[in-house]
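Below is one structure, written out as structure tokens, with a few remarks after it.
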Amino acid sequence: MEDKLEKLFSMMEEMKTGLGKKMEAGQEGTRENGTRISWTVFKTQFDVVSSTQGWADFVKASQRVSFLSGSAVEILLGILADKLTDLTTIEKALEYRFGDSHLTKFYRAELKTRRQKSGESLRVFAADVERLMSLSYAEYPFWMFRKV
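Take the sequence shown: its letters are residues 2 to 149, numbered as in the numbering used here.
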């Protein structure tokens with residue numbers, strides 16, 4: 002099993018060296034200038050790069066793992082060695098740890114119960130409702146909210 006891990010890590014290092022530093026991911030994601038990005042943004046950028054490069058799922062899994070750094074690497078400890086090349090397993094583990102999908106229910110409940118506070122201007126109230134709508138329904142484009 003250690004041989005497989007060593008082989009996998011050496012392959013990932015070769016790929017990482019060949020590609021340079023296209024992307025880095027820290028705990029949630031880190032750009033080259035050190036600013037953090039959310040898991041969703043990191044995943045989207047990675048999906049664009051992997052699609053453009055025409056990577057197969059095995060390569061995507063290897064690249065995803067090789068881009069991890071910091072505490073994000075610790076997620077690999079919870080994945081069985083034979084699943085380290087399975088893209089779905091890796092993405093589920095990362096989503097579980099760094100994703101924000103669990104907040105959707107919270108934002109929807111807050112949106113449902115949001116009332117204009119006494120003394121609150123209509124502009125401030127509307128801006129907060131818009132913010133809650135975009136957080137609650139992140140899977141929909143923003144322009145759809147304008148029609149509602």
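Don't be surprised by glycine CBs; every beta carbon is placed ideally from N, CA and C.
What residue from the options has the CA that sits closest to residue i's CA?
i: Asp129; options: Glu140, Gln117, Tyr138, Gln46; result: Gln117
i: Ala94; options: Leu81, Arg132, Thr105, Leu112; result: Leu81
i: Tyr108; options: Ser135, Lys84, Ser52; result: Ser135
i: Arg115; options: Ile38, His103, Asp101, Arg132; result: Arg132
i: Arg65; options: Glu92, Lys106, Ala127, Leu104; result: Glu92
Let me know the secondary structure DSSP gives residue i once reduced to three states.
i: Ala128; result: helix
i: Ser39; result: coil
Just to confirm, are residue i and residue j a CB contact at a threshold of 9 Å?
i: Arg98; j: Ala139; result: no
i: Ser63; j: Thr90; result: no
i: Glu111; j: Ser137; result: yes
i: Lys61; j: Ser70; result: no
i: Phe59; j: Leu104; result: no
i: Asp83; j: Ser39; result: no
When burial is assigned at 16 or more other CB atoms within 10 Å of the CB, is residue i buried or exposed?
i: Val125; result: exposed
i: Phe43; result: buried
i: Ser67; result: buried
Practice problem: Kindly provide the ranges of any alpha helix (DSSP H) runs that are 4 or more residues long and lie completely inside the region 42-117, ordered along the chain. | Solution: Within the region 42-117, the complete alpha helix (DSSP H) runs of at least 4 residues fall at 58-68, 88-99, 104-114.
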